[in-house]
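To keep things clear, I will list the structure first and then write my remarks on it.
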Amino acid sequence: MKVTKKFAAIALAFVLLTGVCVVPASAGAAPAPFYLGDKNGDGIVGISDFVLLLRALFGIAPLQSDSALRADVDADGTTGFKDAFLILLTALKMIPPAEYNAGGGETEEFVMGSHDLVVSPLGSDLWSGKIPEPNAEGTDGPLASIEEAKERLKKLKNIDCGEGSDCILKDVTVWLREGAYFPAATLKFGPDDLGNVTYKAYPGEKPAISGAVPVSGWRAETVNGVPAWTTQLEPGTAFNTLYRGGTSLPRPRFPKEGELNVASVNHADELAPDSTYFKANLSFNANPADMFAFHNLKDVDVRILHFWKDELIPLESFDPATGYVRLSKPSSMTISEGDRYFFENVFEALDEPGEWYLDQVTGKLAYVPEPSEDIASTVLYAGKLERIMSIDSVDGIVFEGITFRDSEWNIVPQPLENSQAAYGVAPCILVQNAENIAFTSCRLENIGASGIKIGADCQNCSVTGSLFYKIGANAVFIEGQNLQPGDARVTRNIKVSDNHIYRYGRNFNNAIGVLLIHARECEISHNEIHDGFYTGISAGWVWGYGYNVTDYLKISDNLIYDIGQGWLADMGGIYTLGMQPHTVVSGNVVHDVGCYSGSSGYGGWGIYLDEGSTGITVENNLAYDCSSQGFHQHYGRENLVRNNIFAFNADGQVRVSRVEEHTSLFLKNNIIVSKNQPIYTGITKGQFVDDSNLYWDYCRGAIVLSGSTTNIFDRIYPITARCRGYYNHGVFEDPRFVDACARDFRLKRGSPAFEAGFVEWDISAAGTLTAFDVG
Numbered sequence: 000m001k002v003t004k005k006f007a008a009i010a011l012a013f014v015l016l017t018g019v020c021v022v023p024a025s026a027g028a029a030p031a032p033f034y035l036g037d038k039n040g041d042g043i044v045g046i047s048d049f050v051l052l053l054r055a056l057f058g059i060a061p062l063q064s065d066s067a068l069r070a071d072v073d074a075d076g077t078t079g080f081k082d083a084f085l086i087l088l089t090a091l092k093m094i095p096p097a098e099y100n101a102g103g104g105e106t107e108e109f110v111m112g113s114h115d116l117v118v119s120p121l122g123s124d125l126w127s128g129k130i131p132e133p134n135a136e137g138t139d140g141p142l143a144s145i146e147e148a149k150e151r152l153k154k155l156k157n158i159d160c161g162e163g164s165d166c167i168l169k170d171v172t173v174w175l176r177e178g179a180y181f182p183a184a185t186l187k188f189g190p191d192d193l194g195n196v197t198y199k200a201y202p203g204e205k206p207a208i209s210g211a212v213p214v215s216g217w218r219a220e221t222v223n224g225v226p227a228w229t230t231q232l233e234p235g236t237a238f239n240t241l242y243r244g245g246t247s248l249p250r251p252r253f254p255k256e257g258e259l260n261v262a263s264v265n266h267a268d269e270l271a272p273d274s275t276y277f278k279a280n281l282s283f284n285a286n287p288a289d290m291f292a293f294h295n296l297k298d299v300d301v302r303i304l305h306f307w308k309d310e311l312i313p314l315e316s317f318d319p320a321t322g323y324v325r326l327s328k329p330s331s332m333t334i335s336e337g338d339r340y341f342f343e344n345v346f347e348a349l350d351e352p353g354e355w356y357l358d359q360v361t362g363k364l365a366y367v368p369e370p371s372e373d374i375a376s377t378v379l380y381a382g383k384l385e386r387i388m389s390i391d392s393v394d395g396i397v398f399e400g401i402t403f404r405d406s407e408w409n410i411v412p413q414p415l416e417n418s419q420a421a422y423g424v425a426p427c428i429l430v431q432n433a434e435n436i437a438f439t440s441c442r443l444e445n446i447g448a449s450g451i452k453i454g455a456d457c458q459n460c461s462v463t464g465s466l467f468y469k470i471g472a473n474a475v476f477i478e479g480q481n482l483q484p485g486d487a488r489v490t491r492n493i494k495v496s497d498n499h500i501y502r503y504g505r506n507f508n509n510a511i512g513v514l515l516i517h518a519r520e521c522e523i524s525h526n527e528i529h530d531g532f533y534t535g536i537s538a539g540w541v542w543g544y545g546y547n548v549t550d551y552l553k554i555s556d557n558l559i560y561d562i563g564q565g566w567l568a569d570m571g572g573i574y575t576l577g578m579q580p581h582t583v584v585s586g587n588v589v590h591d592v593g594c595y596s597g598s599s600g601y602g603g604w605g606i607y608l609d610e611g612s613t614g615i616t617v618e619n620n621l622a623y624d625c626s627s628q629g630f631h632q633h634y635g636r637e638n639l640v641r642n643n644i645f646a647f648n649a650d651g652q653v654r655v656s657r658v659e660e661h662t663s664l665f666l667k668n669n670i671i672v673s674k675n676q677p678i679y680t681g682i683t684k685g686q687f688v689d690d691s692n693l694y695w696d697y698c699r700g701a702i703v704l705s706g707s708t709t710n711i712f713d714r715i716y717p718i719t720a721r722c723r724g725y726y727n728h729g730v731f732e733d734p735r736f737v738d739a740c741a742r743d744f745r746l747k748r749g750s751p752a753f754e755a756g757f758v759e760w761d762i763s764a765a766g767t768l769t770a771f772d773v774g
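Count the sequence shown with numbering that gives the first Met the number 0 and you get residues 0 to 774, in order.
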């Protein structure tokens with residue numbers, strides 16, 4: 000159909016002369032779906048849409064991007080007079096309307112439900128929130144804040160369903176449009192809020208909720224001999240994070256690279272001197288030659304690296320003459336001579352681009368800019384909210400496609416904090432006493448503390464299809480209470496699946512990718528976890544053989560690699576604690592777990608069953624190129640380890656550390672290969688039962704060794720191992736991997752591993768199901 004500008008001019012004149020307009024829908028009517036041609040987004044294709052498009056085509060008023068998509072009725076990628084004519088025909092009911100898909104292709108259709116609301120940074124909390132963008136008159140449009148949307152929905156909590164009885168609304172959506180939202184305080188969802196609500200990204204858009212605030216008033220000056228920008232804040236202002244775009248900027252540290260070493264300890268300052276690992280030191284002695292008098296001493300934090308913990312403690316006092324360092328609170332683990340440490344937030348070390356320092360006494364903030372940065376256009380954001388959001392005692396809240404970013408972190412406030420897994424670090428998002436809470440296709444990045452915590456009395460919650468990038472501590476943390484299984488308050492049925500967790504533990508290094516404590520019937524599957532300084536997945540919180548509510552876990556098909564990175568000790572790609580007789584660890588691929596390599600370093604394991612792990616099935620897993628063993632059990636009872644591949648781990652392939660009276664584990668139908676490393680590390684008679692495994696050494700062939708990695712006098716040859724009860728029905732042949740050097744562990748046809756009862760599985764299935772854009 001050929002449409003000319005002449006026709007458009009006539010049509011425009013007709014509209015202007017006759018004054019034809021669209022009568023708005025009656026109050027309370029349910030908005031219709033959005034249609035192609037509904038330029039103003041009121042749910043009706045009318046003459047006003049036709050007029051608005053003509054105004055745009057004649058250059059009177061520009062088209063916004065979303066309006067242009069809706070106005071492109073013929074979906075040819077351009078908006079023209081033909082679209083105007085089709086809108087006119089639709090308005091005159093000569094042709095039916097076509098439903099509008101906001102993004103085209105696979106982008107979800109935007110359909111406004113009768114109780115839905117739209118929120119936009121361009122909106123106003125005085126508007127209705129019932130249309131997705133401001134109208135032409137500027138009298139109505141989306142809301143401006145999530146807080147206002149929550150307040151509006153509270154009024155719907157107990158509405159009359161038409162028969163005089165209350166009802167629960169379902170399928171209510173709050174649509175968040177593109178842009179950043181800066182809540183003034185933690186977004187709190189509680190019992191007064193409407194449940195069964197989805198907070199969702201508007202189709203094709205990426206809204207973000209930020210925990211930071213912009214910093215302004217910069218001026219150029221020289222600080223510590225280098226060009227810097229400074230601004231004056233209120234004296235006493237304190238924060239630990241400064242963000243530039245997608246980057247968390249570093250605080251200056253001393254020394255700039257490497258670490259110092261504790262010269263000696265003061266036993267008189269130990270609160271628990273009889274303990275081995277947990278003496279709770281209040282001080283240590285530094286080498287006076289390493290030290291100087293710090294500006295604003297109490298702004299300075301010391302990070303001490305030892306065992307499986309990095310202490311981060313503010314200084315109380317320091318004597319530069321003797322090297323005596325007094326801490327503001329006790330260490331959680333024993334400080335020993337030689338422990339590594341360094342100082343953070345040191346004014347004198349502020350001299351490299353990207354570094355910043357806040358003088359908490361005077362309130363003066365200094366930043367050393369990159370050479371390419373411009374003081375007039377660069378925007379820096381200071382961390383404000385450590386907790387961006389909390390959900391407590393309300394059910395059915397879903398977040399979809401939302402970014403949470405740029406949050407604050409604080410020193411753990413407990414006087415004596417827990418030593419393991421960054422336990423005391425606050426989460427950015429806290430869920431407790433709630434059911435059916437879900438985070439799907441979300442993004443958490445530049446989070447100062449921990450990410451999402453699903454806490455006590457939570458059931459049927461999920462974190463799926465989401466990206467966790469640059470997380471200060473634990474990415475996902477599940478913590479219930481150690482209750483009896485039948486207790487309704489047990490945290491259970493939590494699903495953490497198809498997430499990409501990348502660069503976690505940035506501020507609290509002993510954090511975990513996914514940490515589970517006191518929960519049951521949970522699934523941790525298809526996650527990709529990498530670039531952390533400590534364990535990838537940890538499940539359990541009972542040391543020994545005491546009662547443990549944690550059970551019926553499915554830890555499967557996760558891809559975990561490049562963790563540890565030589566920083567701490569005693570870690571695993573996957574780590575368990577306590578009795579879990581129905582937990583299954585399967586289909587996971589773990590590689591390149593690296594512990595600290597110094598004299599006090601140990602324990603970079605692939606799969607690590609620690610204290611009291613009992614009844615766990617470990618099957619169809621691949622663990623290779625770890626700094627210790629591919630599989631390690633400290634102590635436990637009757638665990639089944641079958642049909643796994645343990646290969647090329649630096650200190651051996653399998654280790655059971657403690658001899659106990661009961662059977663520790665059953666090891667069967669596994670492929671265990673090395674390259675001049677031990678097969679079994681440190682074995683004595685009766686540690687475990689093995690049967691029908693394949694063994695091979697790519698240097699020694701069938702003459703595999705067990706015992707010590709370093710002590711040639713403690714190497715155990717097959718004949719000795721057999722005398723001790725090992726290598727039962729073993730197959731000593733090359734397994735015939737497709738390419739062992741390239742770490743392609745698929746088996747060639749005719750592999751002798753099949754004779755050992757090995758059943759091949761799809762190794763490539765480990766990892767996420769969703770392709771994530773990490774950039």
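For every residue, glycine included, the Cβ atom is placed at its ideal position computed from N, Cα and C.
Bridge partner(s) assigned by DSSP for residue i
i, result
"Leu87", "Paired residues: none, contrary to the question."
"Leu443", "Phe403, Phe467"
"Glu310", "Ile303"
"Ile390", "Phe188, Val430"
"Val653", "Phe630, Tyr679"
"Ile145", "Answer is none; Ile145 lacks a bridge partner."
"Trp355", "Tyr366"
Buried or exposed by the 16-neighbour rule on C-beta atoms within 10 Å, applied to residue i
i, result
"Ala28", "Any answer about Ala28 is weak, because its pLDDT of 32 lies below 50 and its placement is not dependable; what the coordinates show is given next. It counts as exposed."
"Ser376", "exposed"
"Asp48", "buried"
"Val758", "exposed"
"Gly766", "buried"
"Ala776", "This structure gives no information on residue 776, because the portion of the chain shown stretches from 0 to 774."
"Arg641", "buried"
"Arg250", "buried"
"Cys625", "buried"
"Trp542", "exposed"
"Lys153", "exposed"
"Cys460", "buried"
"Cys457", "buried"
Beta-carbon proximity check, residue i vs residue j, cutoff 8 Å
i, j, result
"His525", "Tyr560", "no"
"Pro329", "Ala285", "no"
"Gly635", "Leu666", "no"
"Tyr380", "Pro190", "no"
"Gly382", "Asn239", "yes"
"Glu587", "Ile554", "The question names Glu, but residue 587 is Asn in the sequence shown. A contact, by the Cβ cut-off of 8 Å."
"Val737", "Ala755", "no"
"Asn638", "Asn669", "no"
"Tyr716", "Leu704", "yes"
"Pro206", "Leu175", "yes"
"Gly577", "Ser599", "no"
"Ile401", "Phe188", "no"
Cβ distance (whole Å) where residue i is taken to contact residue j below 8 Å
i, j, result
"Val324", "Leu314", "7 Å"
"Asn509", "Leu415", "With a Cβ gap of about 16 Å, Asn509 and Leu415 do not count as contacting."
"Gln359", "Ala237", "5 Å"
"Ala487", "Leu515", "Actually they are not in contact, since the Cβ atoms of Ala487 and Leu515 sit about 20 Å apart, beyond 8 Å."
"Lys674", "Asp696", "7 Å"
"Glu351", "Arg302", "No, Glu351 and Arg302 are not in contact; Cβ-Cβ is about 18 Å, not under 8 Å."
"Val584", "Ile606", "7 Å"
"Asn409", "Ala425", "7 Å"
is_contact[residue i, chain D] using C-beta, thresh 8 Å
i, result
"Asn668", "The question asks about chain D, but that chain is absent: this structure has only one protein chain."
(request) Only counting runs of 4 or more residues, tell me where the alpha helix (DSSP H) segments fall wholly within the segment 232-297, in order along the chain. (result) Runs of the alpha helix (DSSP H) inside the segment 232-297: none found.
(message) Just to confirm the assignment: which complete beta strand (DSSP E) runs, minimum length 3, are found wholly within the segment 671-730?
(response) 688-690, 693-696
(request) Quick one: which unbroken beta strand (DSSP E) runs of 3-plus residues sit fully inside the segment 563-632? Chain order, please. (result) 570-575, 583-585, 588-592, 603-608, 616-618, 621-623, 630-632
(message) Restricting to runs no shorter than 3 residues, where is the beta strand (DSSP E) found entirely within the segment 447-526?
(response) 449-453, 457-463, 466-470, 475-478, 491-496, 499-501, 513-516, 522-524
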